[in-house]
Amino acid sequence: MNDAADRPIIAFDSGIGGLTVLREARVLIPDRRFVYIADDAGFPYGDWDEEPLRARILGLFEGFIATYDPEIVIIPCNTASTLVLDDLRRAFPAVPFVGTVPAIKPAAERTSSGLITVLATPGTVKRAYTRDLIQSFATKCHVRLVGSQNLARMAEAHIRGDHLDDAAIAAEIAPCFVEMDGKRTDIVVLACTHYPFLANVFRRLAPWPVDWLDPAEAIARRALSLLKPNGAGSEPEHGDDIAVFTSGNPDFSTRRLMQGFGLATV
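Reminder that position 45 of the sequence shown reads as 45 in UniProt numbering, one-by-one numbering, no gaps.
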């Protein structure tokens, strides 16, 4: 097993959405190497049934843990976290896992109107874990769950530089906005790490201003809190950070995007 200073942090996502979390993690944790893993061969996770997806992710991680011996694993993917995080912790008890769940608690603490929307994938919306969060932290709020089949794909296309139709995006976010008893939705929880890539588009197309709640910094801070001090005495070059795609064959625009994030595709 490698020394802690040599062991990377894995960030795992269904696609490139987890780059929003990786960006924050690299700022807060500059003294670690990162391996970004995108399960592009399985993307999008919202189309999967639960048990096959659970088996797929567990199987993938057997290889990831053996290959990279990570110090910690961040899963910036709501669908994967709400489905398989507990299974991963049981399967690999020596490795700390930091998951991503819808930021319902901070939304409930921050809302003025009491009207909150959780914008997620269909898988996250239907998960009992999400309902439990609402029951635990937002019983005094009206919480609308909106599951989009299309926004994760749209976000991936957007970050690669493809043109998106404003009307199509506006249609996806329209159910997020609720008016009730003279009050309006004032917070939309971005419960898919792909969605922050579209945040500026959402702001432009929204029928009224809301707080688009991005959990990326909170996830990075949680990861930082679980790390032991690095005794290496120097920071690694982030040029050593790599991106791994389960397809083994990301397209040119994706490779260029990884390069822009300072990740070498292997």
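Backbone N, C-alpha and C fix where the C-beta goes; we use that ideal spot for every residue, glycine too.
Counting along the chain, Arg144 sits inside the beta strand (DSSP E) bounded by residues His142 to Gly147.
Between Gly63 and Asp69, the alpha-carbon positions lie close to 10 Å from each other.
In the three-state reduction of the DSSP assignment, Glu109 falls in the helix class, which pools H, G and I.
In terms of Cβ geometry, Ile169 and Ala138 do not form a close pair [threshold 9 Å]. For Asp87, the enclosing alpha helix (DSSP H) begins and ends at Asn78 to Ala91. A buried status is given to Ala191, since no fewer than 16 other beta-carbon atoms sit within 10 Å of its beta-carbon. Membership of Phe34 in the beta strand (DSSP E) is indicated by the continuous run Phe34 to Ala38. The residue among Gln135, Ala25 and Ala11 with its C-alpha nearest the C-alpha of Cys77 is Ala11.
Beta-bridge partners assigned by DSSP to Phe97: Val73.
One thing to note: Ala25 has its Cβ no nearer than 9 Å to the Cβ of Ile159. If you look at Ala171, you'll find it isn't in any beta strand (DSSP E); it sits in the alpha helix (DSSP H) that goes Asp166 to Ile173. Note that the C-beta distance between Asp214 and Thr79 is not below 9 Å. Per DSSP, reduced to three states, the secondary structure at Lys183 is strand. Bounds of the beta strand (DSSP E) holding Thr117 are Leu115 to Ala120. The DSSP-derived three-state label of Ile9 is strand.
Of Tyr129, Thr117, Phe61 and Thr111, the smallest CA-CA separation from Arg90 is found for Phe61.
A direct Cα-Cα distance of roughly 25 Å separates Ile74 from Ser253.
Annotated as proximal: Val189 and Pro102, with beta-carbon spacing under 9 Å. Taking C-beta atoms as the reference points, Ala171 and Leu164 fail to come closer than 9 Å.
With 16 or more other Cβ atoms inside 10 Å of its own Cβ, Arg127 counts as buried.
A residue is called buried once 16 or more other Cβ atoms fall within 10 Å of its Cβ, and Trp212 is buried on that count. By a beta-carbon distance limit of 8 Å, Pro207 does not contact Phe245. Their separation comes to about 37 Å.
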